[in-house]
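Here the structure is laid out as structure tokens; the discussion comes afterwards.
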Amino acid sequence: MNAPDPIATRPMPHVLNTYGRLPIAMSHGRGCWLWDTEGRRYLDALGGIAVNTLGHAHPKLVPALQDQVAKLIHTSNYYEVPLQEQLAAKLCEFSGLAGAFFCNSGLEANEGALKIARKVGHDRGIDRPEIVVFERAFHGRSIATLSATGNPKVQAGFGPLVEGFVRVPLNDLAAIEEVARTHPNVTAVFLETIQGEGGVNPARIEYLQGLRRACDAHGWLLMLDEVQCGIGRTGKWFAHQWAGIVPDVMPLAKGLGSGVPIGAIVVGPKALNVLGPGNHGTTFGGNPLAMRAGVETLRIMEEDGVMANAATVGAALSQRLRAEFEGQAGVVDIRGQGLMIGVELDRACGALVGRAADAGLLISVTADRVIRLVPPLIMTRDEAMQVADILCPLVKAFLAEPTK
Ligand SMILES: Cc1ncc(COP(=O)(O)O)c(C=O)c1O
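This note's numbering numbers the first residue of the sequence shown as 152 and each following residue consecutively.
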């Protein structure tokens with residue numbers, strides 16, 4: 152590989168202190184590998200938090216983006232952006248939905264979804280529409296999306312929260328029917344198909360099917376946040392497709408641009424004409440660079456069988472982790488689908504992030520005690536086994552330490 156850039160890691164006194172960062176600065180990457188400015192190499196099982204679908208410096212994506220940058224980066228939505236239509240058509244083809252609005256991030260896609268849910272209510276004469284949301288959900292850090300989020304740590308210090316949310320536990324259809332009985336102003340149910348930040352908690356297949364039925368019965372929109380679990384990560388284009396259902400609204404972001412910022416609200420017929428001119432907008436959203444990144448990401452995924460790879464490599468990695476941790480005291484659960492895997496321990500394990508990095512592996516820990524693996528979807532089986540080779544001994548050693 153190339154020599155690393157001659158930039159030393161240094162403190163960033165002018166950057167607001169909102170992240171507990173590791174003292175590592177990446178210099179460059181290739182495939183599932185990253186090199187830091189000191190020349191150390193890391194196997195990337197984090198994928199920029201489920202973003203780098205095609206890994207780093209993908210040989211097909213790089214020239215396409217270079218071509219786009221040299222032609223056109225941004226023009227604004229005052230003009231047609233033909234690449235928007237191209238990307239929207241692909242997303243509709245893959246999802247069975249009918250249209251898309253493009254923005255720049257996950258929270259923006261979710262904000263748009265929340266606006267659709269409220270507007271549907273107002274269009275029906277409901278002045279104070281309500282949206283069903285979930286315990287342990289994560290939808291972003293704007294005031295509305297953190298209000299929809301089911302994590303008091305994310306909300307602390309930012310009250311008053313946005314009203315109009317009814318919170319229920321995940322995978323509990325009786326709770327949904329209770330809401331139907333007691334909340335006549337509900338217009339939508341909004342959940343992650345697999346909760347990511349909340350600890351890799353999948354909505355069960357029967358639950359998703361039951362929710363679809365409940366939404367149809369009560370005239371609610373089913374809005375599935377696939378920002379983290381969508382775009383092939385679970386081995387289908389969208390995680391809800393494992394349940395054979397189709398949502399009405401689906402926010403996307405993260406993996407759609409392989410690292411170029413992008414978000415999308417993809418909608419079905421019931422939500423297609425809810426927003427009209429003047430109801431919603433964005434300066435950057437849908438710009439030619441982001442759209443090209445999305446179009447090329449999906450094209451390369453199709454061409455190279457990336458989604459099938461996510462399914463088989465993910466299954467192999469899960470199987471290996473199950474075998475390694477069979478009967479291991481301290482490992483509570485191993486769950487997820489495809490290349491979205493959570494290993495829940497019986498104790499807080501944030502310390503493993505730094506230890507893994509020291510050992511040349513990038514991971515994250517979410518919900519305090521869930522090791523989350525969301526690597527690039529191009530990861531090979533051999534690389535996935537290397538993830539386990541590094542991670543498993545670290546976890547076993549960690550669990551052997553006396554708890555304080
Ligand atoms: C399911 C889900 N929704 C929304 C978001 C927010 O996305 P962003 O950070 O791009 O605003 C995230 C980010 O982790 C997410 O996992």
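For glycine and all other residues, C-beta sits at the position ideal for the given N, C-alpha and C.
Check	Outcome
Residue 266 CB to nearest heavy atom of ligand 1 below 8 Å	no
Three-way DSSP call (helix, strand, coil) for residue 158 in this model	Since pLDDT at residue 158 reaches only 45, below the 50 mark, its modelled position is unreliable, and no value is offered.
Nearest residue (CA-CA) to residue 201, options 317, 470, 407	407
Same chain only: Cβ atoms within 7 Å of residue 159, ignoring 5 sequence neighbours per side	Low confidence applies here, because residue 159 scores a pLDDT of 47, under 50, leaving its location unreliable and the question unanswered by this model.
Residue burial classification, residue 327 (beta-carbon count within 10 angstroms, cutoff 16)	buried
Backbone secondary structure at residue 543 - three-state DSSP	helix
Separation of residue 264 from residue 299, as counted between CA atoms	12 Å
Sequence-distant residues of the same chain with beta carbon closer than 7 Å to residue 421, five excluded per side	372, 399
Other residues of its chain near residue 439: CB distance less than 8 Å, five sequence neighbours each side excluded	219, 222, 223, 224, 225, 226, 232, 234
6 Å Cβ shell around residue 475 - same chain, five flanking residues per side excluded	543
Buried versus exposed, by CB contacts within 10 Å (16 or more), residue 248	buried
Backbone CA spacing between residue 423 and residue 502 [nearest angstrom]	46 Å
beta-carbon residue 292 near ligand 1 non-hydrogen atom, thresh 8 Å	yes
6 Å Cβ shell around residue 305 - same chain, five flanking residues per side excluded	297
Local conformation of residue 294 per DSSP, three classes	helix
Residue 335 to residue 548 span [Cα, whole Å]	53 Å
CA nearest to the CA of residue 268, picked from 169, 391, 418, 446	418
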